[in-house]
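The sequence shown begins at 2 in the numbering used here and counts up by one.
Ideal Cβ placement from N, Cα and C applies to all residues, glycine included.
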Amino acid sequence: MAGVTTTRVRDFIGYGESPPNFSWPGGKKVAINFAINYEEGTERNPLLGDSSRDSRTWVRSALPDSERDLKQEGEYEYGTRVSIWRLLRLFKEFNAPFSVFLSSEAPTVNPALAERLKTDDCDVISHGTRSISRIGLTGEMERDDLRRSIDQTLELTGKHILGAFPRPPITDNSRRVMAEEGLLYDSATTNDDRPYFADVSGRPMLVLPYAVDTNDARLWGGQSGPGYTGSTDFFDYLKDAFDILYRESDESGTVMSIGLHARIMRPGRVAFILRFLEYVSKFEGAWIAKRNDIAAHFAGLFAPDNMWNLDKVSLIK
2 MAGVTTTRVR DFIGYGESPP NFSWPGGKKV AINFAINYEE GTERNPLLGD SSRDSRTWVR
62 SALPDSERDL KQEGEYEYGT RVSIWRLLRL FKEFNAPFSV FLSSEAPTVN PALAERLKTD
122 DCDVISHGTR SISRIGLTGE MERDDLRRSI DQTLELTGKH ILGAFPRPPI TDNSRRVMAE
182 EGLLYDSATT NDDRPYFADV SGRPMLVLPY AVDTNDARLW GGQSGPGYTG STDFFDYLKD
242 AFDILYRESD ESGTVMSIGL HARIMRPGRV AFILRFLEYV SKFEGAWIAK RNDIAAHFAG
302 LFAPDNMWNL DKVSLIK
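What follows is the structure in structure tokens.
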């Protein structure tokens, strides 16, 4: 495999005007996936030997990046102390399965969460070992990080990693490494509303795209684009996105990914999830699903025999 080119070819065509004719289980039209990005405790911090701190919060700081900012740290701590439990209670109330994009070292500072993930109706997707920049990583460094993430997640939560969404930037090596390390699918792209297959070293790999427009990071701006002022704005956007996908999905199912972050889910923000869950519960064609279940269903319908790691579908319960 060392001699295989890793250059990713761009695809501007996709399904075009002819998406596949299918529905989700039970004839459902739109698969809705709530993805909690759980990173708190793994962000850059001088306490962990990092040369600079992670300042991706709405709290501004006058301190040099090389110093700790206790107020910014408090925002991350709020996510582990309060918000993650708020989210889990809400999903349990609605019997809604969900996914966790997990930085695998995060549960080491919150062991109670690791225990909870063992029993909750959720799956775990690799988000790397830590929430730190991947700039400059070689293919072998990516491989080592993914392996450690897979092993640590299984040890701490009992969950098998079958998909990955590494923290950007994604490299030419990322998808190949996922395939070679036994993953069923790659979620590190935002280029479609449906799963599809991409060539990896001459074989098809399942790709289950994510989304950043329907991501709670929009509540504080940042790299996800212009921010929303509150939960009403974001609910309206999610409702519009769902309504359009529902309208377009009579003959070809679609996926709506909703990204969440524990540190962002303050009371005034989490209200959009409550309202959205209440809204979509009125639609018979809405399927709230774990990411693994979405991947398994699509693979069961369309996977070529030589698809990378097709046997991993058997691990999905």
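Are the CB atoms of residue 81 and residue 125 within a distance shorter than 8 angstroms? Translated into the one-based positions of the sequence shown, residue 125 becomes position 124. Translated into the one-based positions of the sequence shown, residue 81 becomes position 80. Between residue 125 and residue 81, the C-beta gap is not smaller than 8 angstroms, which leaves the two residues out of contact.
Using only the alpha-carbon positions, how far apart do residue 213 and residue 171 sit? As a working mapping, residue 213 is identified with position 212 in the sequence shown. As a working mapping, residue 171 is identified with position 170 in the sequence shown. Straight-line measurement puts the Cα of residue 171 at about 15 angstroms from the Cα of residue 213.
So the beta strand (DSSP E) residue 288 belongs to, where does it begin and stop? Taking the first residue of the sequence shown as position 1, residue 288 is located at position 287. Start and end: 287–289.
Could you say which of 13, 35, 11 lies nearest to residue 271 if we only look at CA atoms? Taking the sequence shown and counting its residues from 1, one reaches residue 271 at position 270. Ranking 13, 35, 11 by Cα distance to residue 271 puts 35 first.
Residues of its chain near residue 105, where Cβ-Cβ distance is below 6 angstroms and the 5 sequence neighbours each way are ignored: The residue you call residue 105 lines up with position 104 of the sequence shown. Beyond the five residues adjoining it in sequence on each side, residue 105 comes within less than 6 angstroms, by CB distance, of 130, 150, 153, 154 in the same chain, given in chain order.
The alpha helix (DSSP H) spanning residue 298 covers which residue range? For the purposes of this step, residue 298 is taken as the residue at position 297 of the sequence shown. In the DSSP assignment, residue 298 falls within the unbroken alpha helix (DSSP H) covering 292–303.
Report yes or no: do three or more beta-carbon pairs, one from the segment 80–94 and one from the segment 248–264, lie closer than 8 angstroms? Output reads yes: the segment 248–264 touches the segment 80–94.
Within its chain, find whatever has a CB closer than 7 angstroms to the CB of residue 25; leave out the 5 residues flanking it on each side and keep chain order. As a working mapping, residue 25 is identified with position 24 in the sequence shown. So the qualifying residues of the chain are 32, 254, 288, 298.
What residue does the alpha helix (DSSP H) around residue 142 start on, and which one ends it? As a first step, residue 142 must be located in the sequence shown, where it is residue number 141. Residue range 140–158 is occupied by the alpha helix (DSSP H) that includes residue 142.
Who are the Cβ neighbours of residue 286 in its own chain at under 8 angstroms, not counting the five residues just before and after it? Position 285 of the sequence shown, counting from 1, holds the residue named residue 286. Contacts found: 28, 29, 30, 31, 247, 250.
With the cut-off set at 8 angstroms, would you say residue 256 and residue 168 are in Cβ contact? To locate residue 256, count along the sequence shown from 1; it is residue 255. To locate residue 168, count along the sequence shown from 1; it is residue 167. No, these two residues do not count as a Cβ contact at 8 angstroms.
In terms of residue numbering, what span does the alpha helix (DSSP H) encompassing residue 180 cover? Position 179 of the sequence shown, counted from the first residue, corresponds to residue 180. Its alpha helix (DSSP H) spans residues 175–181.
Cβ neighbours of residue 162 in the same chain (closer than 6 angstroms, five flanking residues each side left out): As a position in the sequence shown, residue 162 is number 161, starting the count at 1. 127, 151, 154.
Classify residue 277 as helix, strand or coil using the three-state DSSP reduction. For the purposes of this step, residue 277 is identified with residue 276 of the sequence shown, where counting begins at 1. Correct three-state label for residue 277: helix.
Given this structure, state the Cα-to-Cα distance separating residue 296 from residue 283, to the nearest angstrom. Start at 1 with the first residue of the sequence shown, and residue 296 comes out as number 295. Start at 1 with the first residue of the sequence shown, and residue 283 comes out as number 282. Distance between the alpha carbons of residue 296 and residue 283: 24 angstroms.
Measure the beta-carbon distance from residue 166 to residue 211 and round it to whole angstroms, keeping in mind my assumption that it falls under 8 angstroms. Taking the sequence shown and counting its residues from 1, the one referred to as residue 166 is at position 165. Taking the sequence shown and counting its residues from 1, the one referred to as residue 211 is at position 210. Confirmed, Cβ separation roughly 6 angstroms.
Leaving out the 5 sequence neighbours to the left and right, which residues in its chain are closer than 7 angstroms to residue 231 when beta-carbon positions are compared? Within the sequence shown, numbered from 1, the residue matching residue 231 stands at position 230. 269.
Three Cβ pairs or more, each shorter than 8 angstroms: is that satisfied between the segment 173–190 and the segment 138–146? Yes, since at least three Cβ pairs between the segment 173–190 and the segment 138–146 fall closer than 8 angstroms, the two stretches touch.
What does DSSP give as the partner residues of residue 25 in its beta bridges? Here residue 25 corresponds to residue number 24 of the sequence shown, with the count starting at 1. Looking at the DSSP output, residue 25 shares a beta bridge with 29.
Beta-bridge pairing of residue 172 - partner residues as DSSP gives them: Here residue 172 corresponds to residue number 171 of the sequence shown, with the count starting at 1. Answer is none; residue 172 lacks a bridge partner.
Between 292, 233, 73, which lies nearest to residue 44 when the distance is taken from Cα to Cα? Against the sequence shown, residue 44 aligns to sequence position 43. Of 292, 233, 73, the smallest CA-CA separation from residue 44 is found for 73.
Cβ-based neighbour list, residue 193, same chain, cut-off 7 angstroms, excluding 5 preceding and 5 following: Mapped onto the sequence shown, residue 193 falls at position 192. 15, 210.
What distance in whole Å lies between the Cβ atoms of residue 220 and residue 229, which are believed to be in contact at a cut-off of 8 angstroms? In the sequence shown, residue 229 corresponds to position 228, counting from 1. In the sequence shown, residue 220 corresponds to position 219, counting from 1. That belief holds up - the Cβ atoms of residue 229 and residue 220 are roughly 5 angstroms apart, short of 8 angstroms.
On the three-pair Cβ rule with 8 angstroms, is the segment 108–115 touching the segment 298–316? Per the Cβ contact rule, the segment 108–115 is not in contact with the segment 298–316 (fewer than 3 Cβ pairs under 8 angstroms).
Determine the burial state of residue 42: buried for a count of at least 16 other Cβ atoms within 10 Å of its Cβ, exposed for fewer. For this step, residue 42 is matched to residue 41 along the sequence shown. So residue 42 ends up on the buried side.
Can you list, in chain order, the residues of its chain whose CB lies under 7 angstroms from that of residue 1, leaving out five sequence neighbours each side? Any answer about residue 1 is impossible in this case: the structure gives the chain only from 2 up to 318.
Go ahead and label residue 305 buried or exposed: buried means 16 or more other beta carbons lie within 10 angstroms of its beta carbon, across all protein chains shown. By one-based count along the sequence shown, residue 305 stands at place 304. Per the 10 Å Cβ criterion, exposed.
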